[in-house]
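1236 is the number of the first residue of the sequence shown in this note's numbering; add one for each residue after it. Scroll down for the structure; my scribbles are underneath it.
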Amino acid sequence: MLYVGLDVHVKHITICVLNKDGKLSKRHQLPNMDDVVQFLKTLPDRFEVCYEASTGYGYCYELLTPIASRVAVAHPGLLKLIFRSRQKNDRADAEKLAKLLFLDEVPTVHVPSEVVRSWRELILFRSKLIQNRTRSKNGIRSLLRSMGCRAPKEFGLWTKQGMEWLKQKELKQPMQILKRDILVEEIETLTRQIRIVETQLTRYSKDNIAVHQLQSIPGIGLRTAEAFVAFVDDPHRFANCKKVGAYFGLIPIQDQSGSTNRLGHITREGCSEVRHLVTEAVWQGIRYSPTIKAYYERIHRHEKDRRKIAIVATSHYLVRVMWAMLKNGTLWKEKKLAV
């Protein structure tokens, strides 16, 4: 068995091959992954491959899986903890990956299918479109404030009537007119694009049983459910519910030594979009679910300073419950007291 480490970059890929005893056998550098595949096919023995997760890691995985005995995609954050060397270059990185593979100590990441990766990408793309639209709306608000102008209270500024009022609003300066027209055009264009993306997401999720399961939770809508299902992918890959909370970065940073135990902010690892959507869903869950409300109030203890702590803790609780529902194939059940 041979052990291959790949340091993948846009312009070149560095290859390090170790023999069955873990000794350096070959080094090579090639311009793209197709050439790497051809090179690996010429190796005299079966081989395993390891590379670091980055943009395009799924594409590389699908190319390498048919020809390798095993493909290990390494977690970049955990690799930094393992290797703290001042000597960092492509050759050294490729060799380190190969050595970890030889020792069977690679901290791997889950590689979803191409369809799930595309699903995730579209969910994140929708989030970016919404952020851009929010930025344009804030630009409109800033423009109105600079002129001492207020939007009419009879209708919302972002409704059809409000947008029409904004277009017809008389402005004195040509530069203000130009800014207004561009921002309005951006908002209308982004709104149309968001609608197209959401239509595609809805079409894909409509027959997904897991998405419908999660929507049985009060406060969990289609967008939150689909994002959670897409990024969890296979619920059985998590050993327990604590791993799910850590995966989405909802556990606190811990600094414990002896009798001293300090807990800080949450780690914020994983997908920030899922964290954001679940946190927004918690506010609705508190309104409509006695179970979620009971859990929130138990943490909150009616103390003003614990409001944010309670929201994050309830988000963590909800993530664990959602994972358990997917794993066991169950629907939401209300309880008088939260577990």
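Just so it is clear, CB atoms sit at the ideal spot from N, CA and C, and this is done for glycine as well.
With contacts defined as CB atoms closer than 8 Å, T1549 and I1534 qualify as a contacting pair.
In this chain, the beta strand (DSSP E) harbouring E1283 covers F1282 to E1287.
Note that the stretch 1362 to 1371 touches the stretch 1426 to 1443; at least 3 beta-carbon pairs, one per stretch, sit closer than 8 Å.
Assigned with DSSP and collapsed to three states, G1312 falls in helix. Residue K1246 holds the alpha-carbon nearest to the alpha-carbon of N1267 among G1454, K1246, K1276 and A1465. Going by beta carbons, P1453 and Q1408 fall outside the 8 Å limit.
Exclusion of the five residues before and after D1468 leaves H1345, P1347 and V1351 as the residues of its chain whose Cβ lies within less than 7 Å of its Cβ. With contacts defined as CB atoms closer than 8 Å, L1449 and M1382 fail to qualify as a contacting pair. Under the DSSP definition of a beta bridge, D1242 partners with T1249. Segment contact: the stretch 1369 to 1378 against the stretch 1281 to 1292, fewer than three CB-CB distances shorter than 8 Å; contact not assigned. When the beta-carbon positions are compared, D1242 and D1339 stay at least 8 Å from each other.
When secondary structure is reduced to three states using DSSP, L1457 falls in the helix class.
With a threshold of 16 other beta carbon atoms within 10 Å, H1551 meets it and is buried. When rounded, the separation of the alpha-carbon atoms in R1355 and A1465 is 6 Å. Per DSSP, the unbroken beta strand (DSSP E) holding K1261 starts and ends at L1259 to L1265. With 16 or more other Cβ atoms inside 10 Å of its own Cβ, A1462 counts as buried.
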